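Undergrad: Got a structure here, written out as structure tokens. Questions coming.
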Amino acid sequence: MSRRTHARTLTSVLTPQYPPRPPSSMRALSLVRDKTIAAPLPSVPQEDFKAHQDLLKRVASNLQLQTEEMEGPSDTLFNVLSPTALGHVALPLHQGIANISTSLWYTPTSLAPSSKKAKRKYFVLAKDHEYLYSHPAPNSLIVESVNHREHQGQHAPTPKNKDTRRLDSFGRKFYLSTSFQLRVANHQALLSRYDFNLWEFLPKFEPDWDRKDFKALVEEGSAVAKAALQAASDAVDMEVHSMASAIAMRRASWLLLSGLSMEAQSLMQDLPFNGKALFVDQMDIRLHGMKDSHATLQTLGLYVPPAKDKAKSLPAAQPVRSRYEPPYKRPRDQKCWSQQQSRSAPQPGPSKGKRQGKRQF
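First residue of the sequence shown: 103, per our numbering; consecutive thereafter.
Written out as structure tokens, the structure is:
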């Protein structure tokens, strides 16, 4: 099929025109409806999946696309529980999507994380969601210790080490791209919900003729809108996962230089992210509350205060210091009195006799 023919098909789908009373076209629609258009199946997980796969087949049939049904591996043990194996309908990658990716991948290294033209279309209120427009600032004792070693105490937003700086830079680009995609997915979800509400509102203007066919058309439009809304929900889920990976990269770039053990790094890297800073306040609390917190803080090159129990068990400060005072600091009267007392003290045994004999002689 040529591109012009395919473009006319897409245009006819996006901008359909219905005459006031077209009996022939509606009869043709009623013939196709039995094959392609059906009411939504009950919301049972297995049948809901089957309804979605049938919807994809009808989309491919309308756009004249070739699909392929991919079946999972056969199960000879539990096949009695599910007699009909559920197949996945694979849609082809549209040529327009392929052309965009091919042109952008020509220079992947120098490519910007996101399109400047697309950034002008998708905005989200920045209140309470500043993390969608700016990078989380590096914080915590980990960052302070690394900056103290590499930058002589000066605060720096990125590590000085070459390898970890590359990891942090890649994490920043990845985070910027995924945060923008999350904004796009938010718009996609809202537009899909608006589309669904329009289809739900349409039966109020139901014409008097061909009510059965009109109802089938509304049900099909509602099913497409719900599928688009589900796709937007899945896109949000994927982008949030990607943003978490970007946060993990940036945290790892700082933790690798901290000198902590791999077990401690894994624990700190998987702490929650609140969107305000790279590390949460729980980071420092965990550092002080670890089993070997003194050794951990000393590894980071931080001041370790003495334990409170040892400080309480020590004697009073004044008596301890008086034992180590130099002799010249003692009062002179006290020093003379102690010398006289030592001379006048009686001596036992023969030493006393000798001294007395010497005195008499």
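All C-beta atoms in this analysis are idealised placements derived from N, C-alpha and C, irrespective of residue type, glycine included. Here the structure is a predicted model, which means the values were calculated and not measured.
Could you spell out where the alpha helix (DSSP H) holding G377 opens and where it closes?
TA: Here G377 belongs to no alpha helix (DSSP H), and DSSP marks it neither H nor E.
Undergrad: Let me know if P238 comes out buried or exposed under the rule of 16 or more other beta-carbons within 10 Å of its beta-carbon.
TA: The residue is buried, with at least 16 neighbouring Cβ atoms inside 10 Å.
Undergrad: Exposed or buried, what is Q283 when buried is set at 16 or more other beta-carbons lying within 10 Å of its beta-carbon?
TA: The residue in question, Q283, is buried, as its Cβ has 16 or more Cβ neighbours within 10 Å.
Undergrad: Going by CA-CA distance only, name the one from A153, V245, A214 that's closest to S355.
TA: For the residues A153, V245, A214, the minimum Cα distance to S355 belongs to V245.
Undergrad: Rounded to whole angstroms, what is the Cα-Cα separation between A333 and S163?
TA: C-alpha separation (whole angstroms): 20 Å.
Undergrad: Based on the DSSP output, what are the partners of M172 in its beta bridges?
TA: Answer by DSSP bridge pairing, in chain order: H190.
Undergrad: What would DSSP say about A258, mapped onto helix, strand or coil?
TA: In the structure shown, A258 sits in coil (DSSP, three-state: anything other than H, G, I, E or B).
Undergrad: Are the beta-carbon atoms of A350 and Y277 separated by less than 7 Å?
TA: Cβ distance not < 7 Å, so A350 and Y277 don't count as in contact.
Undergrad: Helix, strand or coil: which one does DSSP assign to A228?
TA: In the structure shown, A228 sits in coil (DSSP, three-state: anything other than H, G, I, E or B).
Undergrad: Contact between the segment 323-342 and the segment 196-213 is defined here as three or more beta-carbon pairs at a separation below 8 Å; is this criterion met?
TA: Touching, no.
Undergrad: Does T337 come out as helix, strand or coil in the three-state DSSP assignment?
TA: According to the sequence shown, residue 337 is Ala rather than Thr. Reduced to three states, the DSSP call for A337 is helix.
Undergrad: Please confirm whether H154 and M172 have their CB atoms less than 7 Å apart.
TA: No, they are not a contact pair.
Undergrad: Looking at the structure shown, is A214 part of a helix, part of a strand, or coil, going by DSSP?
TA: Residue state, collapsed to three classes: coil.
Undergrad: For the alpha helix (DSSP H) that N263 lies in, which residues bound it at each end?
TA: First-last for N263: undefined, no H or E at that position.
Undergrad: Between the segment 284-304 and the segment 223-238, are three or more C-beta pairs nearer than 8 Å?
TA: Yes, the segment 284-304 touches the segment 223-238.
Undergrad: Determine the contact status of A327 and S294, defining contact as a CB-CB distance below 7 Å.
TA: Against a cut-off of 7 Å, the Cβ pair of S294 and A327 comes out as a contact.
Undergrad: Whole angstroms is fine: what's the gap from R160's alpha carbon to L193's?
TA: Straight-line Cα distance between these residues: approximately 11 Å.
Undergrad: Under a Cβ-count criterion, where at least 16 other Cβ atoms within 10 Å of its own Cβ denotes burial, should M364 be classed as buried or exposed?
TA: That one is exposed.
Undergrad: For K262 and E252, I'd like the C-alpha separation in whole angstroms.
TA: Rounded to whole angstroms, K262 to E252 spans 6 Å at the Cα level.
Undergrad: Could you give the distance in angstroms between the alpha-carbon of D156 and the alpha-carbon of E170?
TA: If I take the Cα positions, the gap works out to 13 Å.
Undergrad: Verify whether the separation of the beta carbon atoms of R352 and D270 is less than 7 Å.
TA: The answer is yes: Cβ separation under 7 Å.
Undergrad: Enumerate in chain order the residues of its own chain whose CB-to-CB distance from A258 is below 6 Å, with the five nearest sequence positions on each side excluded.
TA: Closer than 6 Å at the Cβ level, and outside the excluded window around A258, lie N249.
Undergrad: With which residues is A239 paired in a DSSP beta bridge?
TA: According to DSSP, A239 bridges with A379.
Undergrad: In angstroms with no decimal places, state the Cα-to-Cα distance between S242 and S236.
TA: Distance between the alpha carbons of S242 and S236 is about 18 Å.
Undergrad: Here's the rule: buried if 16 or more other CB atoms are within 10 angstroms of the residue's CB, otherwise exposed. What is A464?
TA: Past the edges of the chain, shown from 103 to 463, lies residue 464, and the structure says nothing about it.
Undergrad: Do you know whose CA, among V320, Q367, S281, lies nearest P300's CA?
TA: Note that residue 300 is Leu in the sequence shown, not Pro. With distances taken between Cα atoms, L300 lies closest to V320.
Undergrad: Rank S335, G323, N376, D312 by C-alpha distance to the C-alpha of F298 and give the top, closest one.
TA: Looking at the Cα atoms, G323 is the closest of the given residues.
Undergrad: Could you tell me the distance, in whole angstroms, from the CA atom of R222 to the CA atom of S281?
TA: Answer to the nearest angstrom: the Cα atoms are 14 Å apart.
Undergrad: Does DSSP put K317 in a helix, in a strand, or in coil?
TA: Helix, per DSSP.
Undergrad: What does the Cβ neighbour count give for G377, buried or exposed, with the cut at 16 atoms within 10 Å?
TA: It counts as exposed.
Undergrad: For the candidate residues S247, R313, S335, whose alpha-carbon lies nearest to that of L362?
TA: Closest by alpha carbon: S247.
Undergrad: Cβ atoms of S212 and S279: under 7 Å apart, would you say?
TA: No. Outside cutoff.
Undergrad: In whole angstroms, what is the alpha-carbon distance linking K264 and L359?
TA: About 11 Å.
Undergrad: Using only the alpha-carbon positions, how far apart do D150 and A330 sit?
TA: C-alpha separation (whole angstroms): 15 Å.
Undergrad: Would you mind reading off the limits of the alpha helix (DSSP H) that contains L206?
TA: Segment 197-206, the alpha helix (DSSP H) holding L206.
Undergrad: Whole angstroms are fine: how far does the CA of F303 sit from the CA of S296?
TA: Looking at the sequence provided, one finds Tyr at residue 296 rather than Ser. So the two alpha carbons sit approximately 11 Å from each other.
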